[in-house]
Amino acid sequence: MKCDTCGKEVKEVRRVVIDADYDRSLSRALYNCPECYAAKESARLKRRSGNDTVSG
Ligand SMILES: [Zn+2]
394 MKCDTCGKEV
404 KEVRRVVIDA
414 DYDRSLSRAL
424 YNCPECYAAK
434 ESARLKRRSG
444 NDTVSG
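What follows is the structure, encoded as structure tokens:
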């Protein structure tokens with residue numbers, strides 16, 4: 394399987410359903426490697442909390 398985000402070939406991918414935050418038509422499943430999955434999850438959580446200060 395291939396990661397839809399970075400294109401890396403991985404043994405196991407996770408299905409990520411894009412939130413309908415943007416548009417319903419964009420709400421589709423993507424296959425992400427664990428790294429991209431974690432990055433998307435943390436980005437989503439940051440967007441939600443919104444008030445976190447991240448340095449670095
Ligand atoms: Zn990836």
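Residue numbering for the sequence shown follows my numbering, beginning at 394 and increasing consecutively. Glycine included, every Cβ here is placed at the ideal spot set by N, Cα and C.
Starting from the C-beta of residue i, find all residues in its chain whose C-beta is less than 8 Å away, skip the five residues before and the five after it, and write them out in chain order.
{"i": "residue 433", "result": "398, 409 and 425"}
{"i": "residue 395", "result": "401, 402, 403, 406 and 424"}
Could you please give me the residues that DSSP links to residue i through a beta bridge?
{"i": "residue 422", "result": "410"}
{"i": "residue 402", "result": "395"}
Who are the near neighbours of residue i in its chain, counting only those whose CB is closer than 6 Å to its CB and skipping five residues on each side?
{"i": "residue 423", "result": "397 and 409"}
{"i": "residue 401", "result": "426"}
Apart from the five residues just before and just after residue i, which ones in its own chain have a Cβ nearer than 7 Å to its Cβ?
{"i": "residue 430", "result": "407 and 409"}
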